[in-house]
Amino acid sequence: MGNNFMKIIKFISFAAKPIAKLTEAIAKKEYAVVSPDGTTLTFYFDKHKSSRQGTAYRLNVVIPKWVKKEKGSLPYNPNFTTVVFDESFKDARPVSCAYWFGGFENLTKIEGIDNLNTSRVRNMFGMFCNCKRLFSLDLSKFDTSKVTDMSLMFYWCESLSSLDVSSFDTSKVRRMREMFLGCQNVHSLDISCFDTLKVTDMCRMFSGCESLPGLDVGGFDTSNVTNMSGMFLCCKSMQSLDVSGFNTSQVTDMSCMFSSCESVTELDVSGFNTSKVKDMGGMFHDCGSLESLDLCNFNTSKVTNMHSMFRVCTSLRSLDFSNFNTSRVTCMGSMFCGCEKLSSLDLSRFDTSNVWDMDNMFAGCKSLTQLDINNFNTSKVTIMHAMFLGCESLKTIYVGTGWNISRVRNSKYMFENCTNLVGGKGTKYDSEFVDVARAKIDGCKDEPGYFNLKLES
Numbered sequence: 001m002g003n004n005f006m007k008i009i010k011f012i013s014f015a016a017k018p019i020a021k022l023t024e025a026i027a028k029k030e031y032a033v034v035s036p037d038g039t040t041l042t043f044y045f046d047k048h049k050s051s052r053q054g055t056a057y058r059l060n061v062v063i064p065k066w067v068k069k070e071k072g073s074l075p076y077n078p079n080f081t082t083v084v085f086d087e088s089f090k091d092a093r094p095v096s097c098a099y100w101f102g103g104f105e106n107l108t109k110i111e112g113i114d115n116l117n118t119s120r121v122r123n124m125f126g127m128f129c130n131c132k133r134l135f136s137l138d139l140s141k142f143d144t145s146k147v148t149d150m151s152l153m154f155y156w157c158e159s160l161s162s163l164d165v166s167s168f169d170t171s172k173v174r175r176m177r178e179m180f181l182g183c184q185n186v187h188s189l190d191i192s193c194f195d196t197l198k199v200t201d202m203c204r205m206f207s208g209c210e211s212l213p214g215l216d217v218g219g220f221d222t223s224n225v226t227n228m229s230g231m232f233l234c235c236k237s238m239q240s241l242d243v244s245g246f247n248t249s250q251v252t253d254m255s256c257m258f259s260s261c262e263s264v265t266e267l268d269v270s271g272f273n274t275s276k277v278k279d280m281g282g283m284f285h286d287c288g289s290l291e292s293l294d295l296c297n298f299n300t301s302k303v304t305n306m307h308s309m310f311r312v313c314t315s316l317r318s319l320d321f322s323n324f325n326t327s328r329v330t331c332m333g334s335m336f337c338g339c340e341k342l343s344s345l346d347l348s349r350f351d352t353s354n355v356w357d358m359d360n361m362f363a364g365c366k367s368l369t370q371l372d373i374n375n376f377n378t379s380k381v382t383i384m385h386a387m388f389l390g391c392e393s394l395k396t397i398y399v400g401t402g403w404n405i406s407r408v409r410n411s412k413y414m415f416e417n418c419t420n421l422v423g424g425k426g427t428k429y430d431s432e433f434v435d436v437a438r439a440k441i442d443g444c445k446d447e448p449g450y451f452n453l454k455l456e457s
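Pasting the structure below:
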């Protein structure tokens with residue numbers, strides 16, 4: 001009887017050990033504490049939450065309570081200078097790091113980041129957003145295998161010069177919107193390991209990475225991406241960019257995609273499938289080093305916006321629009337503005353029947369000597385402000401029966417400095433008449449105009 005009793009006691013004692021450990025683990029909590037002076041954020045995983053000095057906050061919420069953020073705005077938390085991951089935190093398994101350091105504009109030091117285990121994290125949205133004084137980040141040990149959202153992750157980390165994301169597993173990521181936006185001092189970025197098969201949003205992904213001389217996106221699978229708006233916007237130092245392998249069959253927005261890539265000398269977009277694209281506004285704006293663009297395969301049948309599409313492409317010498325369908329386009333303002341080396345433009349296929357904005361459309365095209373827009377239907381156009389401003393070499397403009405200025409309300413500076421312009425009946429440019437009053441077929445002295453009539457053959 002005594003022996004049996006002792007055996008039972010030993011069994012209970014043996015079984016109680018793992019139960020005790022489990023109970024202890026359950027009792028531990030993951031939390032963060034803001035120091036009394038509000039400058040330090042420390043992460044813990046223990047049972048001492050109630051005894052910590054400062055204010056304690058729970059984790060795994062959409063926006064952490066220590067983050068000050070008004071609805072519709074970015075977080076702003078300038079008091080924080082230091083983040084600490086206590087050694088106890090290495091046993092924690094957070095599922096969200098969203099906005100953890102959002103708006104920590106004066107954060108300069110992160111201690112113990114190796115104690116952060118991200119193996120279960122699904123959301124890294126805005127994690128380091130607006131950490132403007134961080135100079136380096138080594139995230140080589142981050143396990144991102146479960147992360148689905150990396151949007152705004154390094155948004156406006158403007159002082160970062162060293163950023164290691166080379167080991168990121170992005171196989172489950174769906175959103176990379178504005179991921180590196182404003183990382184203006186990063187000089188190299190190894191993203192060759194990125195698996196982008198599931199990504200749908202790359203809007204402004206590298207926007208403002210103005211110190212990057214190049215970027216290896218050759219391995220990107222973009223077959224599910226719908227938004228590439230501003231993807232490489234203001235990548236001013238980038239000299240080479242290979243996007244020839246991009247699958248753009250699902251993309252609907254390419255506005256400002258390469259805008260201000262002013263150092264890129266070659267850009268192969270000949271394989272782009274643009275059949276679903278609706279917005280090409282500013283797509284190549286300020287690509288000042290590009291001398292040529294092959295757009296022969298562009299399907300523009302759904303495009304409604306071409307505003308500033310080639311604006312300030314100062315080195316472009318020719319463009320082939322033979323396959324362009326512009327029947328749905330409503331805005332062509334500044335489309336060729338500042339294309340000072342374009343010597344000719346064949347716009348014979350342009351359908352402008354739905355266009356209302358032609359503001360600055362050809363302004364600054366200094367090398368154009370002749371412009372044939374005889375097929376233009378301008379019946380819906382209300383803005384022709386500075387349409388031909390500064391076309392100082394332009395001698396002849398051909399229009400047809402579709403030219404209609406009845407709805408034009410703004411035409412100031414329309415022909416400003418078109419000093420060589422002569423109408424079909426000999427009417428010469430007069431600096432006193434530079435608005436829509438002379439935007440008509442020349443009828444000599446009785447009806448002076450700057451245009452030539454060209455009838456359809």
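Residue numbers for the sequence shown follow the numbering used here, beginning at 1 and rising by one.
Cβ atoms here follow ideal geometry from the backbone N, Cα and C, with glycine treated the same way.
None of these values were measured; they are calculated from a predicted model.
Terminal residues of the beta strand (DSSP E) in which residue i lies
i    : result
L371 : 370 to 373
N109 : Correcting the residue identity first, residue 109 is Lys in this sequence and not Asn. Unbroken beta strand (DSSP E) run through K109: 109 to 111.
T42  : 40 to 46
A386 : No beta strand (DSSP E) contains A386, which DSSP labels as neither H nor E.
S162 : 162 to 164
F85  : 82 to 85
L293 : L293 -> no beta strand (DSSP E), and no H or E assigned at all.
T300 : It is not in any beta strand (DSSP E) - T300 carries neither H nor E in the DSSP assignment.
T396 : 396 to 399
Cβ pair residue i, residue j closer than 7 Å
i    : j    : result
N79  : E105 : no
G424 : D435 : no
N115 : F142 : no
D201 : R175 : yes
I113 : F135 : no
K65  : A56  : no
V61  : C97  : no
T222 : N247 : yes
N404 : K454 : no
E262 : D294 : no
K341 : W356 : no
Collapsed DSSP secondary structure at residue i in the structure displayed
i    : result
K21  : Only weak support exists for where K21 lies, its pLDDT of 49 falling under 50; the value from the coordinates is given anyway. Note: K21 maps to helix in three-state DSSP.
A32  : strand
R175 : strand
N115 : helix
V436 : helix
A56  : strand
F89  : helix
K236 : coil
K428 : strand
S136 : strand
V243 : coil
S51  : helix
L455 : coil
E447 : strand
Proximity to residue i [Cα-Cα], best of the options
i    : options                : result
M309 : C331, L41, S301, S318  : C331
L163 : E178, V186, W156, I383 : V186
F154 : M179, T144, K146       : M179
M283 : C97, D294, D253        : D253
S192 : V199, M414, K146, D169 : D169
S166 : N273, T401, T274, D216 : D216
G288 : S270, M280, T265, V269 : T265
E158 : S211, V381, L319       : S211
S344 : N325, N354, L316, S327 : L316
R438 : S431, G449, V277       : G449
L371 : V381, F350, N354       : F350
R204 : G281, P213, S229       : S229
H307 : G281, N299, D320       : G281
T396 : N452, F415, K412, S151 : N452
M361 : V33, F125, C339        : C339
G102 : F272, V83, T118        : V83
Y47  : G245, K29, S275        : A small fix is needed here, since residue 47 is Lys in this sequence, not Tyr. The option with the nearest alpha carbon to K47 is K29.
L74  : G208, Q53, G54, Y99    : Y99
N377 : E392, M358, K366       : M358
R177 : L59, H385, M257        : M257
G402 : F272, P213, W156, K440 : K440
7 Å Cβ cutoff, residue i in contact with chain B
i    : result
V312 : Absent from the structure is chain B; it holds one protein chain and no more.
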